[in-house]
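Numbering (this note's numbering), first residue to last: 368 to 817.
In this text, a Cβ means the ideal position worked out from N, Cα and C, and glycines have one as well.
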Ligand code: URA
């Protein structure tokens with residue numbers, strides 16, 4: 368059977384305006400026979416519990432992570448088995464589409480497979496806790512999510528049954544709750560924007576993942592500037608430390624806003640980091656970074672601080688950045704003292720304001736925003752505008768809403784909310800704008816110090 372036929376054996380069902388979405392693991396024999404989800408024994412049990420808590424199933428959207436029946440043959444008999452990671456990955460785009468179409472107020476994840484596939488966490492870690500979905504999974508980022516046992520387990524085990532009913536009740540309450548009041552829910556602890564020393568971050572990818580684990584993060588997106596060199600190491604560390612590592616990148620783009628040419632950063636979340644075209648483009652962007660570094664080195668030379676290009680390269684493991692020049696200066700006492708004597712500052716952000724060392728006029732050359740979005744999408748990623756409300760530092764532009772609308776028309780799919788770069792009011796504004804434009808809102812620390 369072809370992959371596409373397998374995928375469509377049993378699709379989700381329910382009204383497009385459903386407020387509650389129920390996501391199970393995969394259909395069983397009866398479901399495949401009737402081409403409907405949850406109509407076998409577990410389904411009948413689920414219906415009974417829904418009725419008991421006052422929810423009409425016909426008002427819910429019911430679906431599964433995997434849309435075909437995974438089986439194995441034991442002693443000549445066909446039995447159900449849990450879906451493999453590859454099978455889950457194969458069906459994920461279908462679920463993403465359903466989430467984007469339905470935009471439910473609340474989502475209930477039934478069983479370990481659904482919990483793991485959508486949150487990266489084990490059911491034992493998150494069962495019964497309500498949280499907001501801040502995943503890249505869908506633009507419906509305001510959905511409240513609850514994970515509970517699979518009805519088949521609750522049906523068989525009396526101990527699980529009570530808990531299952533209580534969790535379902537909570538999901539029922541949440542679907543009646545206005546989105547704004549969902550603010551109190553804990554977001555899933557995921558950071559969608561983290562750097563490593565493969566660009567201008569402080570620590571090696573393995574260390575970054577270890578820190579993330581120590582902070583209790585469920586997942587991180589490694590977003591190095593114009594490069595994907597750190598991802599393999601981070602993914603291996605992720606497996607070791609139980610942290611989901613989402614392969615990502617931060618692409619340098621340029622735009623002219625209010626007559627000023629500057630930088631706009633576009634995150635590519637969930638890219639295929641082996642994508643040949645993406646790698647080629649990153650190579651080109653690194654060339655532009657080299658040009659930028661040479662210009663900065665010249666400006667330092669003009670004020671009597673000599674920095675050798677080869678020393679800058681020696682301080683970098685991947686793409687070059689201004690921070691690498693600073694590392695060279697800070698590693699040398701004489702240079703550091705001279706810097707302080709000439710400028711009276713040694714704080715990186717200050718260099719991008721008005722000083723005798725004019726760095727703020729040099730912008731790193733990049734792609735157009737349209738081109739960046741296209742490259743990311745072609746590599747299977749989601750283009751997200753990083754910190755749009757950032758004040759003009761490092762040559763990075765503040766992006767007005769009208770520009771964001773324009774970007775959305777040619778392929779941008781998300782806006783980053785940021786505690787570091789934005790005020791609370793800005794984040795509220797961008798969350799609202801994202802919703803209005805049908806974009807997802809991701810949250811990222813833009814941490815360079817993990
Ligand atoms: N179990 C599931 O997870 N889904 C179904 O549709 C049926 C049983």
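Can you pull the DSSP bridge partners for residue i?
{"i": "residue 558", "result": "587"}
{"i": "residue 810", "result": "784"}
{"i": "residue 750", "result": "635"}
{"i": "residue 515", "result": "477"}
{"i": "residue 535", "result": "In the DSSP output, where bridge partners are listed per residue, residue 535 has none listed."}
{"i": "residue 388", "result": "428, 474"}
{"i": "residue 763", "result": "630"}
{"i": "residue 735", "result": "621"}
{"i": "residue 577", "result": "None; residue 577 has no bridge partner."}
{"i": "residue 398", "result": "Paired residue(s): none; residue 398 is not in a bridge."}
{"i": "residue 819", "result": "Any question about residue 819 goes unanswered here, given that the chain covers just 368 to 817."}
{"i": "residue 592", "result": "617"}
Are residue i and residue j touching if we call contact CB-CB under 8 angstroms?
{"i": "residue 386", "j": "residue 473", "result": "yes"}
{"i": "residue 429", "j": "residue 404", "result": "yes"}
{"i": "residue 779", "j": "residue 808", "result": "no"}
{"i": "residue 715", "j": "residue 689", "result": "yes"}
{"i": "residue 532", "j": "residue 419", "result": "yes"}
{"i": "residue 633", "j": "residue 743", "result": "yes"}
{"i": "residue 656", "j": "residue 615", "result": "no"}
{"i": "residue 755", "j": "residue 771", "result": "yes"}
{"i": "residue 515", "j": "residue 475", "result": "yes"}
{"i": "residue 450", "j": "residue 520", "result": "no"}
{"i": "residue 611", "j": "residue 586", "result": "yes"}
{"i": "residue 692", "j": "residue 731", "result": "no"}
{"i": "residue 479", "j": "residue 489", "result": "yes"}
{"i": "residue 601", "j": "residue 557", "result": "no"}
{"i": "residue 629", "j": "residue 466", "result": "no"}
{"i": "residue 365", "j": "residue 793", "result": "Coverage of the chain is limited to positions 368 through 817, which leaves residue 365 absent and any answer about it impossible."}
{"i": "residue 609", "j": "residue 565", "result": "no"}
{"i": "residue 653", "j": "residue 594", "result": "yes"}
{"i": "residue 753", "j": "residue 617", "result": "yes"}
{"i": "residue 781", "j": "residue 798", "result": "no"}
{"i": "residue 814", "j": "residue 777", "result": "no"}
{"i": "residue 710", "j": "residue 696", "result": "no"}
{"i": "residue 497", "j": "residue 511", "result": "yes"}
{"i": "residue 388", "j": "residue 513", "result": "no"}
{"i": "residue 395", "j": "residue 436", "result": "yes"}
Report the CB separation of residue i from residue j in whole angstroms; it is logged as a contact under 8 angstroms.
{"i": "residue 390", "j": "residue 431", "result": "7 angstroms"}
{"i": "residue 774", "j": "residue 736", "result": "5 angstroms"}
{"i": "residue 762", "j": "residue 638", "result": "With a Cβ gap of about 24 angstroms, residue 762 and residue 638 do not count as contacting."}
{"i": "residue 477", "j": "residue 518", "result": "6 angstroms"}
{"i": "residue 381", "j": "residue 427", "result": "6 angstroms"}
Please give me, in chain order, every unbroken run of the beta strand (DSSP E) with length at least 3 that falls completely inside the stretch 429 to 464. 438 to 441, 444 to 447
Unbroken beta strand (DSSP E) runs of length 3 or more, entirely within the stretch 605 to 682: which are they? 611 to 624, 627 to 636
So which residues touch the region around the ligand URA, with touch meaning a C-beta under 5 angstroms from any heavy atom? 391, 392, 394, 395, 398, 404, 405, 409, 431
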